[in-house]
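A.B. asks:
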Amino acid sequence: MALRVWASQAATSLGIGCRRPLRSLGFPAVPFSRGFSDVIEGLKYADSHEWVKSDGKLGTVGITQHAQEHLGDVVFVDLPEVGVSVSKGSSFGAVESVKATSDIISPVSGEVVETNTKLTETPALINGSPYDEGWIIKVRIQDPSETDTLMNAEQYKHFCEQEDASH
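In my numbering, the protein residues as written are 9 to 175.
Next up, the structure:
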């Protein structure tokens, strides 16, 4: 595990990578041109670069591959307490990297029912596996229709390409 995280960090630093199936989420990686980050079909994306996988009333939330690439090596994750309410568009925690600290914005409203406590000891899981082992919280979604306003994979890819072109 530690070797895989180290290898992932080294590959990220060198700007290289490989695509491995994200079997545990049940979605294949969708490769895009320009060496663009993995974008996963079936997830919903916020313009603040968080994703949510919704199974009706339960949502798993994390930050995107694109976001973690821009952050660099993640060294600390501030997680909320279980039982706390989160609101769509509001911060519920932070990700600290060697470059910057960024708020984590909730893509949905609801109650935190689980946090990924592995991130307290191994925050680099976000770099090595942002859609799998690097998930951040699980939320009991208050209104499942909130996900309808989020972007699908194709829309998010286009959003990121436009954002990168403007920088």
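Here a beta-carbon is modelled for each residue, glycine too, at the ideal position from N, C-alpha and C.
Please specify which runs of the alpha helix (DSSP H), each continuous and at least 4 residues long, are wholly inside the region 132 to 161, giving them in chain order.
C.D. replies: The region 132 to 161 contains these whole alpha helix (DSSP H) runs: 133 to 136.
A.B. asks: So if DSSP puts V116 in a beta bridge, which residue, or which two residues, is it bridged to?
C.D. replies: For V116, which the question treats as bridged, DSSP gives no partner whatsoever.
A.B. asks: Can you grab the Cα-Cα spacing for the pair V69 / V120, in whole Å?
C.D. replies: Each residue's Cα considered, the two are about 10 Å apart.
A.B. asks: For S174, which residues in the same chain have their Cβ closer than 8 Å to its Cβ, ignoring the five residues on either side in sequence?
C.D. replies: Result list for S174: empty, nothing under 8 Å.
A.B. asks: Are the beta-carbon atoms of S105 and V82 separated by less than 9 Å?
C.D. replies: The answer is yes: Cβ separation under 9 Å.
A.B. asks: Which residues in the same chain as Q163 place their Cβ atom closer than 7 Å to its Cβ, once the five residues preceding and following it in sequence are excluded?
C.D. replies: Contacts found: none.
A.B. asks: Where do the N-terminal and C-terminal ends of the alpha helix (DSSP H) with E49 fall, by residue?
C.D. replies: Segment: none, E49 is in no alpha helix (DSSP H) and carries neither H nor E.
A.B. asks: Tell me whether H175 sits in a helix, a strand or coil according to DSSP, three-state version.
C.D. replies: H175: coil per DSSP, three-state reduction.
A.B. asks: Taking the alpha-carbon of G97 as reference, which of T109, Y53, S137 has the nearest alpha-carbon?
C.D. replies: When each option's Cα is compared against that of G97, the closest is Y53.
A.B. asks: Pick from E171, Q150, N160: whose alpha carbon is nearest that of L66?
C.D. replies: When each option's Cα is compared against that of L66, the closest is Q150.
A.B. asks: Do the CB positions of N124 and G142 come within less than 9 Å of each other?
C.D. replies: In this structure, G142 lies closer than 9 Å to N124 by Cβ.
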